[in-house]
Amino acid sequence: MATYLVNPFASPSYNGMNDGSPEGFIDVDFTYPYDVVLSADQFLRDQSISTTNDADFAWRALVIGFSTGAFNVRFADSQGFYLSNGMVASANILGDASSPYPVFPEILIPAGGRIGIDIQDTSDATNTIELLLKGVKRYRIA
Amino acid sequence: MKRLIEEPYRTPEGRLDTPFAYVFDATGIADNQAQVPNLAKTLQGDSDFILRRIVGMSNCVNTAALGGKWAFKNASGSYAMGNAGSGIVAYPNWVVLPEKLYPINTQIVFDLFNTLRSSNGCASPIYTSYIAFFGVKRLSVDRGYRSNKTAYKYKEKKYSYSVNFTITVAAGSAPFRLSQLIDNYDFELQRIAICYANTIGNAGTLTTDDFLIQLYDSNMHGLSDLPLNQSYINNGRTSFHVPTNLQSIFPCPTIVFPAGSAITFDITSLLCSTSVPQSYNVIFEGIWRVPC
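Order-wise, the sequence lines are chains A and B. Here the first sequence is numbered in numbering that gives the first Met the number 0, starting from 0 and rising by one per residue. Here the second sequence is numbered in numbering that gives the first Met the number 0, starting from 0 and rising by one per residue.
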């Protein structure tokens, strides 16, 4: 095996991380975006992101890609199980693309499933929001 | 049982990973285009490429509020995010995890939405809109690349080489070459930091892309296929406790320069004619392999 020199200044992802796919599957990096424009104080319930039919999705991190103001949000898995007992303020789940807000342990959404979202503007103004749900598509190896 | 994050990375048998960046020159793309699909960075035909980090998309599209977005594709041609026609907001730095393999002779394909090239504020704009795909080239061990091995028994000692240089020419001039001799012992390069040298021109931290830099290994193999914006590799902090939003670190994994070789790099000025001369300090930080 070739000598591999880890850079101690760098994050593990820059140095390389071994394949963590479960046996019989291959994980491929994927991001589902959720874009919405809320009017002042608008509360949208039972929104959803549909996952594609080609693979299960293991949701591992959340990034608030963009927002023009504060908002509250609550997520549910594909079974409709809420991931919090109430709405969560966006300032408590801040994360950007370099340091996303972790979803740990990962939440598995079946192919053709959905991630439920309740979202509410709290900025009292029109709010343009993009959420990025980062994780992996889990393909079955034939 | 060790967790995945604690396990040393395993390069496949018979392969050698060497840090590399593929750079897409977007300075020629017109501004204010709603969608520019299927731009491609073709790999050099010498190895597979493992993609781990994408930098600079935000230098090529408009702000998020004005619809600047991007998307890229896997080697298979499927999108790595969302769907065709709906990219995501462009961050300065995008980490690809798990890493993606692009086989030899393939290309990295991506889309831009609402283009806007970043530039230095000169009388006539000097564009800094370059996109860098960082990762490793996966070479065969028998291809003649350096192996990172040191022939003698050694202990590790922290050491830095500090180089001062001055840019005296404005953008549009030919690049000039600098090098730092590796004296005494083999040197493992771990970090590069660049700031103003506090002698000629501005002083303090460097937050603008004043120049492009092309680095070479000890065998004069380029570590990128085109020069990189200095900010893409500059690990210097812009304040005491806050790293830059690019989270730049290069080379990764580290590489070894044998004693007697040199760290060679080319500098291409992106400065306005009114901004020269300007002096800089660069440190090459790492480990000396001291015989024992």
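Glycine included, every Cβ here is placed at the ideal spot set by N, Cα and C.
DSSP three-state label for residue i, please.
{"i": "Ser260 of chain B", "result": "coil"}
{"i": "Met0 of chain A", "result": "Confidence in Met0 of chain A is poor, its pLDDT being 48 and thus under 50, which makes the residue's placement unreliable; the coordinate value appears in the next sentence. It is coil, neither helix nor strand."}
{"i": "Ala70 of chain B", "result": "strand"}
{"i": "Tyr151 of chain B", "result": "coil"}
{"i": "Met86 of chain A", "result": "coil"}
{"i": "Asn91 of chain A", "result": "helix"}
{"i": "Arg142 of chain B", "result": "helix"}
{"i": "Asn280 of chain B", "result": "strand"}
{"i": "Gln229 of chain B", "result": "helix"}
{"i": "Ala63 of chain B", "result": "helix"}
{"i": "Asn58 of chain B", "result": "helix"}
{"i": "Ser247 of chain B", "result": "coil"}
{"i": "Ser272 of chain B", "result": "helix"}
{"i": "Asn234 of chain B", "result": "coil"}
{"i": "Asn197 of chain A", "result": "Outside the modelled stretch of chain A, which goes from 0 to 141, sits residue 197 of chain A, for which no answer is possible."}
{"i": "Cys291 of chain B", "result": "coil"}
{"i": "Phe48 of chain A", "result": "For the sequence presented, residue 48 of chain A should be read as Ile rather than Phe. Here Ile48 of chain A sits in strand by DSSP."}
{"i": "Gln113 of chain A", "result": "Note on residue identity: the sequence assigns Arg, not Gln, to residue 113 of chain A. Of the three classes helix, strand and coil, the one that applies to Arg113 of chain A here is strand, per DSSP."}
{"i": "Arg139 of chain A", "result": "strand"}
{"i": "Gly134 of chain A", "result": "strand"}
{"i": "Glu105 of chain A", "result": "strand"}
{"i": "Asp57 of chain A", "result": "First, the amino acid is wrong: residue 57 of chain A is Ala here, not Asp. It is a strand residue."}
{"i": "Val36 of chain A", "result": "strand"}
{"i": "Ala20 of chain B", "result": "strand"}
{"i": "Leu205 of chain B", "result": "coil"}
{"i": "Met292 of chain B", "result": "Only positions 0 to 291 of chain B appear in this structure, which leaves residue 292 of chain B out of reach."}
{"i": "Asn163 of chain B", "result": "strand"}
{"i": "Arg73 of chain A", "result": "strand"}
So that I know if they touch, is there some Cβ in chain C lying closer than 8 angstroms to that of residue i?
{"i": "Gly120 of chain B", "result": "Among the protein chains of the structure shown, namely A and B, there is no chain C."}
Within this structure, are the beta carbons of residue i and residue j separated by less than 8 angstroms?
{"i": "Pro102 of chain B", "j": "Asp47 of chain B", "result": "yes"}
{"i": "Phe109 of chain B", "j": "Arg52 of chain B", "result": "no"}
{"i": "Leu15 of chain B", "j": "Leu138 of chain B", "result": "yes"}
{"i": "Val292 of chain B", "j": "Arg145 of chain B", "result": "In this structure chain B extends from 0 to 291, so residue 292 of chain B is not present and cannot be described."}
{"i": "Phe56 of chain A", "j": "Tyr138 of chain A", "result": "no"}
{"i": "Tyr195 of chain B", "j": "Ile286 of chain B", "result": "no"}
{"i": "Ile266 of chain B", "j": "Phe8 of chain A", "result": "no"}
{"i": "Tyr3 of chain A", "j": "Tyr8 of chain B", "result": "yes"}
{"i": "Val135 of chain B", "j": "Ile49 of chain B", "result": "yes"}
{"i": "Asn14 of chain A", "j": "Val5 of chain A", "result": "yes"}
{"i": "Thr165 of chain B", "j": "Ile199 of chain B", "result": "yes"}
{"i": "Asn73 of chain B", "j": "Lys40 of chain B", "result": "no"}
{"i": "Arg59 of chain A", "j": "Glu105 of chain A", "result": "yes"}
{"i": "Ser38 of chain A", "j": "Thr125 of chain A", "result": "yes"}
{"i": "Ile107 of chain B", "j": "Ser118 of chain B", "result": "no"}
{"i": "Leu132 of chain A", "j": "Leu61 of chain A", "result": "yes"}
Among residues of its own chain, excluding the 5 on either side of residue i, which ones have a beta-carbon nearer than 6 angstroms to its beta-carbon?
{"i": "Arg288 of chain B", "result": "Thr149, Tyr153, Tyr184, Asp185"}
{"i": "Met0 of chain A", "result": "Residue placement at Met0 of chain A cannot be trusted, given a pLDDT of 48 that sits under 50; what the coordinates show is reported in the next sentence. Once the five neighbours on either side are set aside, Met0 of chain A has no close Cβ partner at all."}
{"i": "Gly115 of chain A", "result": "Ser47, Ala75"}
{"i": "Gly112 of chain A", "result": "Thr50, Ser77"}
{"i": "Asn163 of chain B", "result": "Ala196, Asn280"}
{"i": "Asp18 of chain A", "result": "none"}
{"i": "Ser274 of chain B", "result": "none"}
{"i": "Thr67 of chain A", "result": "Asn126, Thr127"}
{"i": "Met16 of chain A", "result": "none"}
Assuming residue i and residue j make a contact with CB atoms under 8 angstroms, what is their CB distance in whole Å?
{"i": "Phe65 of chain A", "j": "Thr127 of chain A", "result": "7 angstroms"}
{"i": "Gln229 of chain B", "j": "Asp209 of chain B", "result": "7 angstroms"}
{"i": "Met219 of chain B", "j": "Thr263 of chain B", "result": "7 angstroms"}
{"i": "Leu42 of chain B", "j": "Ala170 of chain B", "result": "Rounded, the Cβ-Cβ distance is 28 angstroms, inconsistent with contact."}
{"i": "Pro276 of chain B", "j": "Thr167 of chain B", "result": "5 angstroms"}
{"i": "Leu43 of chain A", "j": "Ile118 of chain A", "result": "5 angstroms"}
{"i": "Ala110 of chain A", "j": "Asn52 of chain A", "result": "5 angstroms"}
{"i": "Ala131 of chain B", "j": "Val54 of chain B", "result": "5 angstroms"}
Please list, in chain order, all residues of the same chain as residue i whose beta carbon is under 8 angstroms from its beta carbon, the five residues on each side excluded.
{"i": "Ile87 of chain B", "result": "Lys68, Trp69, Ala70, Met80, Gly81"}
{"i": "Leu93 of chain A", "result": "Ile63, Tyr100"}
{"i": "Asp40 of chain A", "result": "Gln119, Asp120, Thr121, Asp123"}
{"i": "Ser98 of chain A", "result": "none"}
{"i": "Tyr78 of chain B", "result": "Ala70, Phe71, Lys72"}
{"i": "Met0 of chain B", "result": "At Met0 of chain B, the pLDDT of 49 sits below 50, so the modelled position is not reliable and the matter cannot be decided from this model."}
Where do the N-terminal and C-terminal ends of the beta strand (DSSP E) with residue i fall, by residue?
{"i": "Asn92 of chain B", "result": "92-101"}
{"i": "Thr36 of chain B", "result": "The sequence shown places Pro at residue 36 of chain B, rather than the Thr named in the question. Taken as a continuous stretch (DSSP letters only), the beta strand (DSSP E) holding Pro36 of chain B covers 34-41."}
{"i": "Gly79 of chain A", "result": "Note, Gly79 of chain A: premise wrong, no beta strand (DSSP E); not H, not E."}
{"i": "Glu187 of chain B", "result": "185-195"}
{"i": "Ser178 of chain B", "result": "175-180"}
{"i": "Leu211 of chain B", "result": "210-215"}
{"i": "Asp110 of chain B", "result": "106-112"}
Would you mind reading off the limits of the alpha helix (DSSP H) that contains residue i?
{"i": "Asn14 of chain A", "result": "11-14"}
With a threshold of 7 angstroms on Cβ separation, who are the neighbours of residue i within its own chain once the five nearest residues in sequence on each side are excluded?
{"i": "Pro250 of chain B", "result": "Pro18, Leu188, Leu222"}
{"i": "Val35 of chain B", "result": "Ile28, Asp110, Leu111, Thr114"}
{"i": "Leu107 of chain A", "result": "Asp55, Ala57"}
{"i": "Asn244 of chain B", "result": "Pro91, Asn92"}
{"i": "Asp24 of chain B", "result": "Tyr129, Leu225"}
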